[in-house]
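**Q** Take this structure first; my questions come after.
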Amino acid sequence: MSQLPDSTSDLSRRNLLRGTAAAGLLATPAVGLLSACAGSSTGDDKADTGAKTSDNPLGVADSGQVEVVVFNGGLGDAYAKFDVTVFNKKHANVKVNLSSTQKIKTEQQPKFSTTPADLINNAGADIMALDTLVNEGALTELTPLLDAPSWDDPNQKVRDTLLPGTVNDGTFDGKVFVLNYAYTVFGMWYNQALFDKNGWTMPTTFDEFFALAPKIKAAGTAPFAFAGKYPYYMRWAIMSWIWKSGGKQAVVDIDNLKPGCWKTPEVMAALEATEKIVKDGYTLAGSATLTHTESQQAWLDGKAAILPCGTWLENEMRQTIPSGFQMKLANFWDVSANDKAKGAVYAGSGENWIVPKKAANAAGGMEFLRAMFSVEGAGKFAELTSSLSSRAGSGDKVTNSTALVSAGEVMKKATGDLVSFKHPDWYADVDKAEQNAIGELMAGRMTAAKFADTLQAATDKVAGDSSIKKFTRDA
34 MSQLPDSTSD
44 LSRRNLLRGT
54 AAAGLLATPA
64 VGLLSACAGS
74 STGDDKADTG
84 AKTSDNPLGV
94 ADSGQVEVVV
104 FNGGLGDAYA
114 KFDVTVFNKK
124 HANVKVNLSS
134 TQKIKTEQQP
144 KFSTTPADLI
154 NNAGADIMAL
164 DTLVNEGALT
174 ELTPLLDAPS
184 WDDPNQKVRD
194 TLLPGTVNDG
204 TFDGKVFVLN
214 YAYTVFGMWY
224 NQALFDKNGW
234 TMPTTFDEFF
244 ALAPKIKAAG
254 TAPFAFAGKY
264 PYYMRWAIMS
274 WIWKSGGKQA
284 VVDIDNLKPG
294 CWKTPEVMAA
304 LEATEKIVKD
314 GYTLAGSATL
324 THTESQQAWL
334 DGKAAILPCG
344 TWLENEMRQT
354 IPSGFQMKLA
364 NFWDVSANDK
374 AKGAVYAGSG
384 ENWIVPKKAA
394 NAAGGMEFLR
404 AMFSVEGAGK
414 FAELTSSLSS
424 RAGSGDKVTN
434 STALVSAGEV
444 MKKATGDLVS
454 FKHPDWYADV
464 DKAEQNAIGE
474 LMAGRMTAAK
484 FADTLQAATD
494 KVAGDSSIKK
504 FTRDA
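Every number in our numbering is 33 more than the matching position in the sequence shown, counting from 1.
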């Protein structure tokens, strides 16, 4: 999945982690376009159902067809084509009509008032607004799929095979209407070959980084590069460090606009550690003005040792990765010995898949999803895309991508809740102030203390403005 160099990129990356939270901002259907979606259809076009058995828990008929629509974007459609073969191993007499497109909303949304496809990969720029689909009763609730036996093990439910947060990301008011298939892990990237050549060990803490950085610099390499032109890249790291230092509550307080939330000792520890990277001269010269791809290419060229980014990195830069480059991901460093959430990982699911309420063969659509979450299907997805599936262990057998293997290792070591933050989506004024301040901090023009003052002032201003709708989170 390629990165878009503008503010919508930040939103899309965060949506990858909280796949449904802001989907309405990406596409707004015409009023009333889905008005015919709610309620039940006439049933005239409904497919026959079959007997429910341990091997056919959703009762798919042993005949007929399943219509599947896949978004043919950065992840391609080869994995979905492979899933047809997986599906047909258990349903040889069911024909799968699989089509690919980049115009999901344009082509699929008008069909919701009649007979839509049985399974839709609702993704890309032309995405259908999930909140609208859910509010108008246009989607099938997916609990029967989640509670069905997994494709490979009758003693294990589908929900128990999924990575943390996947079910929650598709849940609306306690009901699951979306399953996200891709899984992004964020952290620090490094070239294992470069580290091995110089006898370096990838840091796991800020103290370890500050001990190693002078050696990296002495070898003629900048210790750290970042996409300064797009400050939200560093926000992923900074918010992860705040979570690690102060625990989940520190970030919950920031999201909830709590007075003093940016000035606690734990938040200041994270901000001061970030400031020290710049103040001590460990960033690549010119990073403050680099785009995402420019900073990534500089890192690939060996000009910098460490780069913060997400697991789309390999696919995005595939054409310029040097021979012998061993791309690996490590978790964001712990901040100090006093951290309240050591080992916390910033990761989550994205790439929506939905089953329309009026689908002719909703059981078949859910069954195709069950096949996608099989060991074989999820493994092939990882192999073809160099991305993790939301099914646990999807990258375990992929050995030709050091990036993917290392991302899987980061997830296996994750402790506690996954890092998440919501204030940039909820409050545009805080988002703007935060991005501006991150840019200044990483350019060396702002101290950690001034950063905290700036963000607290922006937070307090929004909190005190009665014209701005407020949101709250408990977890």
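Yeah, the Cβ is synthetic: ideal placement off N, Cα and C, and Gly gets one too.
My guess is that E174 and F145 are in contact by the Cβ rule of under 8 Å, so how many angstroms apart are they, rounded?
**A** Reading the sequence shown from its first residue, position 141 is the one you call residue 174. Reading the sequence shown from its first residue, position 112 is the one you call residue 145. 16 Å between Cβ atoms; not a contact.
**Q** Assuming T324 and K262 form a contact by the criterion Cβ under 8 Å, report the distance between their Cβ atoms to the nearest whole angstrom.
**A** Here residue 324 refers to the residue found at position 291 of the sequence shown. Here residue 262 refers to the residue found at position 229 of the sequence shown. Right, the Cβ-Cβ distance comes to about 5 Å (below 8 Å), so this counts as a contact.
**Q** Between the Cα of D450 and the Cα atoms of A508, M475, F484, which residue gives the shortest distance?
**A** As a position in the sequence shown, residue 450 is number 417, starting the count at 1. When each option's Cα is compared against that of D450, the closest is A508.
**Q** F358: buried (16+ other C-beta within 10 angstroms of its C-beta) or exposed?
**A** Stepping through the sequence shown from its first residue, residue 358 is reached at position 325. Buried: at least 16 other Cβ atoms inside 10 Å.
**Q** I160 and K138: beta carbons closer than 8 Å?
**A** Reading the sequence shown from its first residue, position 127 is the one you call residue 160. Reading the sequence shown from its first residue, position 105 is the one you call residue 138. Yes, these two residues count as a Cβ contact at 8 Å.
**Q** Thinking C-beta only, is V101 closer than 8 Å to V129?
**A** Taking the sequence shown and counting its residues from 1, the one referred to as residue 129 is at position 96. Taking the sequence shown and counting its residues from 1, the one referred to as residue 101 is at position 68. Cβ distance < 8 Å, so V129 and V101 count as in contact.
**Q** CB-CB under 7 Å to G198, same chain, minus the five flanking residues each way: which ones, in chain order?
**A** Counting from 1 along the sequence shown, the entry for residue 198 is found at position 165. Only G381, S382, L451 meet the Cβ criterion.
**Q** Please work out which residues of its chain come closer than 8 Å, Cβ to Cβ, to F120, disregarding the five sequence neighbours upstream and downstream, and give them in chain order.
**A** Position 87 of the sequence shown, counted from the start, is the residue given in the question as residue 120. V99, V127, V129, E400, F401, A404, listed in sequence order.
**Q** Nearest CA to the CA of G97: which residue from G477, N394, E241, W295?
**A** Your numbering for residue 97 matches position 64 in the sequence shown. Minimum Cα distance to G97 is reached at N394.
**Q** Return the first residue and the last residue of the alpha helix (DSSP H) that N168 is part of.
**A** Working through the sequence shown from its first residue, we reach residue 168 at position 135. It spans 163-168 - the alpha helix (DSSP H) in which N168 sits, taken as one unbroken run.
**Q** Can you tell me where the alpha helix (DSSP H) holding Q330 begins and where it ends?
**A** Mapped onto the sequence shown, residue 330 falls at position 297. Here the alpha helix (DSSP H) through Q330 covers 325-333.
**Q** How many Å lie between R424 and N433 at the Cα?
**A** Taking the sequence shown and counting its residues from 1, the one referred to as residue 424 is at position 391. Taking the sequence shown and counting its residues from 1, the one referred to as residue 433 is at position 400. Taking the straight line from one Cα to the other gives about 19 Å.
**Q** By the 10 Å Cβ neighbour count, where 16 or more other Cβ atoms means buried, how is Q135 classified, buried or exposed?
**A** Position 102 of the sequence shown, counting from 1, holds the residue named residue 135. Exposed: under 16 other Cβ atoms inside 10 Å.
**Q** Please name the residue, chosen from T86, S87, G397, E384, that lies closest to F414 on a Cα-to-Cα basis.
**A** By 1-based counting over the sequence shown, the position of residue 414 is 381. Per the Cα distances, E384.
**Q** If I measure Cβ to Cβ from G92 and keep anything under 8 Å in the same chain, skipping five residues before and after, which residues do I get?
**A** Stepping through the sequence shown from its first residue, residue 92 is reached at position 59. These residues qualify, in order along the chain: T82, G83, A84, K85, A396.
**Q** For A363 and V463, which I take to be in contact (beta-carbon distance under 8 Å), what is that distance rounded to the nearest angstrom?
**A** As a working note, residue 363 is residue 330 in the sequence shown. As a working note, residue 463 is residue 430 in the sequence shown. Between V463 and A363 the Cβ distance is about 29 Å, and since that is not below 8 Å, they are no contact.
**Q** Measure from the alpha carbon of K230 to the alpha carbon of each residue in E409, L474, G335, then state which is nearest.
**A** Numbered from 1 along the sequence shown, position 197 holds the residue referred to as residue 230. Selected option, being the one with the closest Cα: G335.
**Q** With a CB to CB cut of under 6 Å and the five nearest residues on each side skipped, what residues in its chain are close to Y460?
**A** Numbered from 1 along the sequence shown, position 427 holds the residue referred to as residue 460. Closer than 6 Å at the Cβ level, and outside the excluded window around Y460, lie V495.
**Q** Just to confirm, are W295 and A485 a CB contact at a threshold of 8 Å?
**A** Mapped onto the sequence shown, residue 295 falls at position 262. Mapped onto the sequence shown, residue 485 falls at position 452. Contact: yes.
**Q** Identify whether A508 lies in helix, strand or coil by the three-state DSSP scheme.
**A** The sequence position of residue 508 within the sequence shown is 475, counting from 1. A508: coil per DSSP, three-state reduction.
**Q** By Cβ distance, which residues of its chain are closer than 7 Å to S328, with the 5 residues on each side in sequence left out?
**A** Taking the first residue of the sequence shown as 1, we reach residue 328 at position 295. A258, F259, A260, S320, L340, listed in sequence order.
**Q** What's the C-alpha gap between D313 and Y379?
**A** Numbered from 1 along the sequence shown, position 280 holds the residue referred to as residue 313. Numbered from 1 along the sequence shown, position 346 holds the residue referred to as residue 379. Rounded to the nearest angstrom, the two C-alpha atoms are 26 Å apart.
**Q** Could you tell me which whole beta strand (DSSP E) segments of length 3 or greater appear in the segment 84-156?
**A** Counting only runs of 3 or more, we get 98-104, 128-134, 152-155.
**Q** In whole angstroms, what is the alpha-carbon distance linking T61 and M350?
**A** Looking up residue 61 in the sequence shown gives position 28. Looking up residue 350 in the sequence shown gives position 317. Low local confidence applies: a pLDDT of 31 at T61 is under 50, so the model's placement there is unreliable, and no value is given.
**Q** With DSSP collapsed to three states, give me the class of D313.
**A** One-based indexing of the sequence shown puts residue 313 at position 280. Three-state result, D313: coil.
**Q** Here's a check: name, in chain order, each residue in its chain whose Cβ is nearer than 8 Å to the Cβ of T353, leaving out the five neighbours to either side.
**A** Working through the sequence shown from its first residue, we reach residue 353 at position 320. Correct list, in chain order: Q330, L333.
**Q** Please report how far the alpha carbon of Q141 lies from the alpha carbon of W222, in whole angstroms.
**A** Taking the first residue of the sequence shown as position 1, residue 141 is located at position 108. Taking the first residue of the sequence shown as position 1, residue 222 is located at position 189. Their backbone Cα atoms lie some 38 Å apart in a straight line.
**Q** Under DSSP, the beta strand (DSSP E) around K361 begins and ends at which residues?
**A** Taking the first residue of the sequence shown as position 1, residue 361 is located at position 328. Unbroken beta strand (DSSP E) run through K361: 360-363.
**Q** Quick check: the Cα distance between I501 and A283, rounded to an integer number of angstroms?
**A** Working through the sequence shown from its first residue, we reach residue 501 at position 468. Working through the sequence shown from its first residue, we reach residue 283 at position 250. Each residue's Cα considered, the two are about 22 Å apart.
**Q** Taking 8 Å as the threshold (C-beta atoms), are T505 and N289 in contact?
**A** One-based indexing of the sequence shown puts residue 289 at position 256. One-based indexing of the sequence shown puts residue 505 at position 472. Yes; because the gap between Cβ atoms is below 8 Å, this pair is in contact.
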